[in-house]
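Asker: Protein sequence lines correspond, in order, to chains E and V. Residue numbering for the first sequence follows our numbering, beginning at 7 and increasing consecutively. Residue numbering for the second sequence follows our numbering, beginning at 7 and increasing consecutively. In this text, a Cβ means the ideal position worked out from N, Cα and C, and glycines have one as well. Every value quoted in this text rests on a predicted model; they were computed, and no experiment measured them. Can you read through this structure? Questions will come right after.
Protein chains: 2
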Amino acid sequence: MKQDLDALMEKHNLDGLLVIGAATHNPMMHYFTGDVHMGDGALIKPRGAAPTLFYNPMERDEAARTGQHTRNLIDYNLPALTKEHGGDAVKAQAARYAKMLADSGLEKGRVALFGKVEFGAPFAIFNALAALAPQYELVGQAGRTLLAEAMETKDEAEAERLRRMGRITAEVVGRVKAYLQSHKAKGGVLRKKDGAPVTVGDVKTLINASALELGVENPHGTIFAIGRDAGVPHSTGNPDDALELGKTIVFDIFLQEPGGGYHSDFTRTWCLGYAPPDAQKLYDEVRHVFDDLMGGLEANAPFNLLQERTCDLFEAQGHATIRQDPAVQEGYVHSVGHGLGLNIHEQPFSRDASVTLRPGVVVTIEPGLYYPSKGMGVRIEDTVYVRPNGDMEVLADFPHDLVIPIEEA
Amino acid sequence: MKQDLDALMEKHNLDGLLVIGAATHNPMMHYFTGDVHMGDGALIKPRGAAPTLFYNPMERDEAARTGQHTRNLIDYNLPALTKEHGGDAVKAQAARYAKMLADSGLEKGRVALFGKVEFGAPFAIFNALAALAPQYELVGQAGRTLLAEAMETKDEAEAERLRRMGRITAEVVGRVKAYLQSHKAKGGVLRKKDGAPVTVGDVKTLINASALELGVENPHGTIFAIGRDAGVPHSTGNPDDALELGKTIVFDIFLQEPGGGYHSDFTRTWCLGYAPPDAQKLYDEVRHVFDDLMGGLEANAPFNLLQERTCDLFEAQGHATIRQDPAVQEGYVHSVGHGLGLNIHEQPFSRDASVTLRPGVVVTIEPGLYYPSKGMGVRIEDTVYVRPNGDMEVLADFPHDLVIPIEEA
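Right under this line is the structure:
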């Protein structure tokens, strides 16, 4: 949580952190600014002190809205610094960061770097800063970084934003189900009144219109993949595909607050009209594992035990798993869950042996089986918030049924 | 242009380029992949040879859609590399990049780094690669980088995508104008049938719904700022603001192809119903400069001459300019234009003395005057494509008029 930042900086042996880039679609910056329209900037936080947000003069109003202590970048006179460094823009920017760090109250020490940016220039600038100002040790953390670890547990305000995204997502999924059921089938295909097939593209249009109406964004797109595409976990589905009855449809929806805020993540597998025996069997196998995992969730349990349990159960059912072969393409081919927040995938990851389902985490539970060669795939996913008292709260409540009943025309 | 890449790599003294990150909302990667749903990956291009796209196994179908030569990252066995490097994930990833570079046909030399990513880990990984594989010199370019310079001029396929975005943007602007004129004014405020004011938020909802219907995205939001907000160039406008007659409204719209493709960029300033004399005067002054600039556009002319001309004309009108004072907040406070493409702001920039309006560039021309203290601002912006023959083509055709006539209730 954000309130743990100083303690975590001590744990990570860091004296400061520096985040660069926009406030929109830049999770580490949004974590500090909230939803403001800031195209570029920098935030510096020394351990034990409040952050300073540096903004460009045209964005002073947006910067003020963040409630952070702010400074105007114009006061650092980059043109003068560029002259001073013989026209070298990289060195000038490095020199500016040195001044900004000092002005933020960070005189020296280990500083972790963050920000989702075009990284070529920062690669040069921060290497130049390391040469220019050796009192700073610039740290690029990989894996479970300082901010990733802070963001891993959510405070009540964050949980409430994630809850709201869950409710909106369930609403959108309900609209999609109602839309599908408002059509009738003929010749094994869901059809519009004029006889044209209902397509994957039609469903995606409805999803985007619903998201817009409900005030959320869909920047990563939606997976609505039928038949063989359902058997390829990250295939998003072909917009022109007609919705055939009796084929598995993997419907994985992940919406986001406008401007790059908190996410939802939710998957159901549907068969329109009926489920052929092999699709029903595949679903039952995944559902068995899903119910087993959800029923066994315990606060503070190691997350990777769920991945082990999933592999145990799928292997007992006779499926190949990623545990047996990291390159597996049919069977259980991915990991069972990940954290969810400002990033669609964030800490904790179920593949990581060191993390637990600590109170405050928000994680997905998403076992699945994939057989593109048989033209099918099944995934079921809920997102769970581990409350401060250890209770499990599902964030988007929706039935898990496979078959969506459809009338014949 | 993409076809100039090898020549530009020679000019930049580069033997290769490396782009990392997703294919969505990552301009440098999108430039090579087009619109595919690839969450992570890497692309390596040696000078004089075709690129190789490295993908994660779950995204093999999306990678195949790019038409690039592809390789599966699973074949690089990161877990084994991690063991080999004593559990150090950063060194393991550096070692993987060394193999990937060699497998792409790049044995040594200067390699420029690109990609919009969370940059802490790459900062560490590419510094580790520099230590591990000194046959590579890793270059973080700033300013007019190799790819920025390639992207600066558009080929015909890119121009056509930008043209289409211009047409869609003019269509959306037309819908906004029609929507405003479908309401009547009472008490100096545009009102709905029930008497409630039409708000900035209502207009933004219409814009987003229109964008969705027309198959484009609005990931950066829209500026629709009235009164004082119109006087702050990057203020996006307050959704709750009622649309009052006789106030300047700066309407700056920048849409994007889905998934992070090409943009539009377009601004008009409107007064609903009538223009008070001081707003009309401010508009006339900006319009005079805008018409002067647009009438004087010449292929291959230095872009910064337009900025000089803009300052000359505004100063002659008695306004303060950013040329006189970089911190100016009232008057002419920004630069007159920038390139437009996969980035909303890209090369060439009118502040840069070294760039010209070469055939193939797509640039904005956007003079403006800002007086927040007087509660007003005016900006007029068109986007211009300099055709291969040097002709100027405006990409979104729409009248420049200030006053939008409104009926009284």
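Taking the C-alpha atoms as reference points, what is the distance between E:Gly279 and E:Ala184?
Answerer: Distance between the alpha carbons of E:Gly279 and E:Ala184 is about 14 Å.
Asker: Can you give the beta carbon distance from V:Phe309 to V:Val361, rounded, assuming they're within the 8 Å contact cut?
Answerer: Their Cβ separation, rounded to whole angstroms, is 5 Å, which keeps V:Phe309 and V:Val361 in contact under 8 Å.
Asker: Would you say E:Arg234 and E:Gly381 are within 7 Å of each other, going by their C-beta atoms?
Answerer: Yes.
Asker: Look up E:Leu299 in the DSSP assignment and give the residues it is bridged to.
Answerer: Answer is none; E:Leu299 lacks a bridge partner.
Asker: Please list the segments of the alpha helix (DSSP H) lying wholly inside the stretch 17-44 of chain E, counting only runs of 4 or more residues, in order along the chain.
Answerer: You should have 33-39.
Asker: What is the DSSP secondary structure of E:Asp403, counted as helix, strand or coil?
Answerer: The answer is coil: DSSP assigns E:Asp403 none of H, G, I, E or B.
Asker: Run through the stretch 93-159 of chain E for me and flag every whole alpha helix (DSSP H) of 4 or more residues, listed as ranges in chain order.
Answerer: Runs found: 95-109, 126-138, 152-158.
Asker: Please state if the CB of E:Ile386 and the CB of E:Leu299 are separated by a distance shorter than 7 Å.
Answerer: Going by C-beta atoms, E:Leu299 is not nearer than 7 Å to E:Ile386.
Asker: Which one of V:Leu168, V:Thr72, V:Ile80, V:Pro128 has the shortest CA to CA distance from V:Lys97?
Answerer: When each option's Cα is compared against that of V:Lys97, the closest is V:Pro128.
Asker: Measuring only between beta-carbons, confirm whether V:Asn19 sits less than 7 Å from chain E.
Answerer: For V:Asn19, the answer is no, since every Cβ of chain E falls outside 7 Å of its Cβ.
Asker: Can you name the residues of chain E whose CB is closer than 8 Å to the CB of V:Lys122?
Answerer: Within 8 Å Cβ-Cβ: Lys122, Val123, Glu124, Phe125.
Asker: Are the CB atoms of V:Lys192 and V:Ala415 within a distance shorter than 7 Å?
Answerer: Cβ atoms of V:Ala415 and V:Lys192: closer than 7 Å.
Asker: Give the DSSP bridge partners of E:Leu59, in chain order.
Answerer: Looking at the DSSP assignment, E:Leu59 forms a beta bridge with E:Leu49, E:Thr76.
Asker: Using alpha carbons as the reference points, say which of V:Ala139, V:Leu218, V:Asn224, V:Val209 lies closest to V:Asp246.
Answerer: If we check each option's Cα against that of V:Asp246, V:Val209 comes out closest.
Asker: Taking a contact to mean a Cβ-Cβ separation below 7 Å, would you say V:Met35 touches V:Val25 in this structure?
Answerer: Yes.
Asker: Between the stretch 401-409 of chain E and the stretch 285-300 of chain E, do at least 3 Cβ pairs fall closer than 8 Å?
Answerer: As far as the Cβ criterion goes, the stretch 401-409 of chain E touches the stretch 285-300 of chain E, which means the pair count is three or higher.
Asker: Between the stretch 130-140 of chain E and the stretch 71-88 of chain E, can you find at least three pairs of beta-carbon atoms closer than 8 Å?
Answerer: Result no; under three Cβ-Cβ pairs closer than 8 Å.
Asker: Give me whichever residues DSSP pairs with V:Glu414 in a beta bridge.
Answerer: Paired residue(s): V:Ala191.
Asker: Mapping DSSP to helix, strand and coil, what is V:Ala13?
Answerer: It is helical.
Asker: Please report how far the alpha carbon of V:His269 lies from the alpha carbon of E:Ala307, in whole angstroms.
Answerer: Going by the C-alpha atoms only, they are around 47 Å apart.
Asker: Would you list the one or two residues that DSSP bridges to V:His269?
Answerer: DSSP lists V:Gln262 as partners of V:His269.
Asker: Taking the beta carbon of E:Asp67 as the centre, do at least 16 other beta carbons fall within 10 Å, making it buried, or is it exposed?
Answerer: When all chains shown are included, E:Asp67 counts as buried.
Asker: Distance cutoff 7 Å, beta carbons only. Does E:His240 sit that close to anything in chain V?
Answerer: Closer than 7 Å to some Cβ of chain V, the Cβ of E:His240 qualifies, so yes.
Asker: Chain V partners of E:His325, CB-CB under 7 Å?
Answerer: Near E:His325 there are no residues of chain V at all, since even the closest Cβ is about 17 Å away, more than 7 Å.
Asker: Could you spell out the range, first to last residue, of the alpha helix (DSSP H) harbouring V:Ala217?
Answerer: From DSSP, the alpha helix (DSSP H) with V:Ala217 extends over 206-219.
Asker: Cutting at 6 Å between CB atoms, please list the residues of its own chain near E:Thr30, excluding the five before and the five after it.
Answerer: Counting only Cβ-Cβ distances below 6 Å, and skipping sequence neighbours, we find Gly265, Gly266.
Asker: Please report the straight-line C-alpha distance between V:Ala86 and V:Gly93, rounded to a whole angstrom.
Answerer: So the two alpha carbons sit approximately 9 Å from each other.
Asker: Which residues bound the alpha helix (DSSP H) around V:Arg71?
Answerer: 66-71 is the span of the alpha helix (DSSP H), which, as asked, contains V:Arg71.
Asker: Nearest-angstrom Cα distance between V:Val367 and V:Leu196?
Answerer: Looking at the two C-alpha atoms, the distance is approximately 40 Å.
Asker: In whole angstroms, what is the alpha-carbon distance linking E:Asn244 and E:Asn349?
Answerer: Going from the Cα of E:Asn244 to the Cα of E:Asn349 covers about 25 Å.
Asker: Is the number of C-beta pairs between the stretch 37-56 of chain V and the stretch 106-115 of chain V that are closer than 8 Å three or more?
Answerer: With a cut-off of 8 Å, the stretch 106-115 of chain V and the stretch 37-56 of chain V count as touching, because enough Cβ pairs lie within range.
Asker: In the DSSP assignment, find the unbroken alpha helix (DSSP H) run with E:Arg393 in it and report its ends.
Answerer: Per DSSP, E:Arg393 belongs to no alpha helix (DSSP H) and is neither H nor E.
Asker: Where does E:Gly22 land, buried or exposed, given buried means 16+ other C-beta within 10 angstroms?
Answerer: That one is buried.
Asker: Out of V:Asp12, V:Asp397, V:Gly343, V:Leu288, which has the shortest C-alpha to C-alpha gap to V:Gly383?
Answerer: Checking every option, the nearest Cα to that of V:Gly383 belongs to V:Leu288.
Asker: Can you confirm whether E:Glu263, when its beta carbon is compared against all beta carbons of chain V, has any partner nearer than 7 Å?
Answerer: So, not an interface residue.
Asker: Check each candidate in V:Lys114, V:Phe230, V:Met7, V:Asn83 and name the one with the smallest Cα separation from V:Leu20.
Answerer: The shortest C-alpha separation from V:Leu20 is found at V:Lys114.
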